[in-house]
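As given, the protein sequences belong to chains A and B, one line each in that order.
Letter 73 of the first sequence, counting from 1, is numbered 73 in the working numbering, and no numbers are missing.
Convert by adding 1000 to the 1-based position in the second sequence; the result is the number in the working numbering.
Where is the CB? At the ideal position from N, CA and C, for every residue including glycine.
Have a look at the structure below, then the notes.
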Amino acid sequence: MTNRLTRLALLVAVALALHAVEAALPALPVPGARLGLANLATLIALVVLGSRAAITVAVVRSILGSAIVGTFLAPAFFMSLSGALVSAIVMAISYRLGPRFSLVGVSLAGALAHNMAQLAVAVVLIGYGVMAYAPYLIVFALPAGAVTGVLGAIVSERLTISLPGGDGR
Amino acid sequence: MKLRLRRADVVVALAIVGLAVVAYVITSAGGEGGVQAIVEVRGEVVATVDLRQDDLISVPLAGGDVAMLEVAGGRIRILDRDICPLDICTHTGWIERSGQAIVCLPNRIIVRIVSTVGANTDKYDAISGQ
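Here it is, written out as structure tokens:
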């Protein structure tokens, strides 16, 4: 139990660091588009600790991360939180669907869910006009999800060797 | 490294591309030069701008600040007045086609271009034989 809690805390810390790094990177041409590096920690939590841990890492990272970056309770926070939560849930479901998905597919599904959830919240917070960004935001899920997925596959494979507990898929 | 793509991975990737194309077709329907821009702040329409007339428009914001919009040559942009931290809205630059939009998330401003039916019909007296 302590072991599990420690790993969970470690993954939240990694996620926070990635969240802060990502916020410091120059903005991409599509507003709101992110590489989703912090999602890497969610993905690894999913493999090593399971679905609930993954959702926990995503939500806690989003709340604490926005406090660090300074967007807590701003519109960007609600977009980040909804994106993180929905994508963690979708990734957990697709991971459980079994070997038809590799981690890249899991991550792609998560990235798509993330961007769709953000878009939905943005429509509510800002107005229907943000739909003009929908095609760009959706297509951006492809490189973002692929990068996170490949990194996740590499890292989790090595982690499950040193931290037994996941199935190493 | 056993990083092999599985069938579901490809399905998800194709779904993303498909969705993006659908979204593009929907949002850029009638993507010719628009003649009107709608300015929304916090979900409320605060101005409807005629793009055929060069103009400078000030839009009051929540914090007492003002966003400046410039209309010139059928295009519109948000001028850089340091109204938000990342300046994504000013970096978006000019927009002119219907379906295009400038979004300033911190101030919750949306400027989007719409093609109004009334404005387009004055090119034709009537359309027949469709």
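Locate the alpha helix (DSSP H) running through residue i, then write down its first and last residues.
i, result
"B/Cys1089", "1088-1092"
"A/Leu18", "2-24"
"A/Leu85", "75-96"
"A/Thr42", "39-49"
"B/Ile1026", "1007-1027"
"A/Val106", "103-125"
For a contact defined as C-beta to C-beta under 8 Å, what are the partners of residue i on chain A?
i, result
"B/Ile1110", "Ile126, Gly127, Gly129, Val130"
"B/Val1017", "Val139, Leu142"
Would you mind reading off the limits of the beta strand (DSSP E) that contains residue i?
i, result
"B/Ala1067", "1066-1072"
"B/Gln1053", "Counting along the chain, B/Gln1053 falls outside any beta strand (DSSP E), and DSSP gives it neither H nor E."
"B/Val1041", "1036-1041"
"B/Cys1104", "1101-1104"
"A/Val130", "Run containing A/Val130: none; DSSP gives neither H nor E here."
"B/Arg1097", "B/Arg1097 -> no beta strand (DSSP E), and no H or E assigned at all."
"B/Ile1076", "1075-1078"
Exposed or buried, what is residue i when buried is set at 16 or more other beta-carbons lying within 10 Å of its beta-carbon?
i, result
"A/Ser107", "buried"
"B/Arg1052", "exposed"
"A/Ser156", "buried"
"B/Pro1060", "exposed"
"A/Ile154", "exposed"
"B/Val1012", "buried"
"B/Glu1044", "exposed"
"B/His1091", "exposed"
"A/Met116", "buried"
"A/Thr6", "exposed"
"A/Arg158", "exposed"
"B/Val1117", "Because B/Val1117 sits at a pLDDT of 49, beneath the cut-off of 50, its placement in the model cannot be relied upon, and the following sentence gives the value as read from the coordinates. Counting Cβ neighbours within 10 Å, B/Val1117 comes out exposed, since fewer than 16 surround it."
"B/Arg1004", "exposed"
"A/Thr2", "exposed"
"B/Gln1130", "Note that B/Gln1130 has pLDDT 43, beneath the 50 cutoff, so the model's placement of it is unreliable and no number is given."
"A/Leu11", "buried"
"B/Ala1062", "exposed"
"B/Ile1026", "exposed"
"B/Leu1014", "exposed"
"B/Ile1016", "buried"
"B/Gly1073", "exposed"
Is the CB-CB distance between residue i and residue j below 8 Å?
i, j, result
"A/Ala53", "A/Leu8", "yes"
"B/Ser1058", "B/Val1066", "yes"
"B/Ala1008", "A/Arg100", "yes"
"B/Ile1095", "B/Ile1113", "yes"
"B/Glu1131", "B/Leu1056", "For chain B, the structure presents residues 1001 to 1130; residue 1131 of chain B sits outside this window and is missing."
"A/Val21", "A/Leu37", "yes"
"B/Val1039", "B/Arg1108", "no"
"A/Arg61", "A/Ala144", "no"
"A/Gly152", "A/Leu97", "no"
"A/Ala67", "A/Ser87", "no"
"B/Val1111", "B/Ile1083", "no"
"B/Ala1037", "A/Pro135", "no"
"A/Ile89", "B/Leu1105", "no"
"A/Ala15", "A/Val57", "yes"
"A/Leu43", "A/Thr148", "yes"
Using a cut-off of 9 Å between C-beta atoms, extract the partners of residue i located in chain A.
i, result
"B/Glu1040", "Ile126, Gly127, Tyr128, Gly129"
List the residues of chain A that residue i touches, going by C-beta distances under 7 Å, in chain order.
i, result
"B/Thr1027", "Met131, Ala132, Ala134, Pro135"
"B/Gln1036", "None at all; the shortest Cβ gap to chain A is about 13 Å."
"B/Gly1099", "Ala132"
"B/Ala1023", "Ala134, Pro135, Ile138"
List, in chain order, every chain B residue whose beta-carbon is nearer than 8 Å to that of residue i.
i, result
"A/Arg7", "Under the 8 Å cutoff, chain B gives no residues; its nearest Cβ is about 23 Å from A/Arg7."
In chain B, which residues lie with their C-beta within 7 Å of the C-beta of residue i?
i, result
"A/Phe101", "Arg1006, Ala1008, Asp1009"
"A/Arg104", "A small fix is needed here, since residue 104 of chain A is Val in this sequence, not Arg. What A/Val104 touches in chain B: Leu1005, Asp1009."
"A/Ala109", "Val1012"
Interface residues of chain B around residue i at Cβ under 9 Å?
i, result
"A/Ala74", "Leu1105, Pro1106"
"A/Leu112", "Val1012, Ala1015, Ile1016, Leu1019"
Three CB pairs or more closer than 8 Å across the stretch 116-131 of chain A and the stretch 1100-1115 of chain B: yes
Contact the stretch 81-94 of chain A vs the stretch 45-65 of chain A: 3+ CB pairs below 8 Å: yes
The stretch 79-87 of chain A in contact with the stretch 112-121 of chain A per 3-pair CB rule at 8 Å: yes
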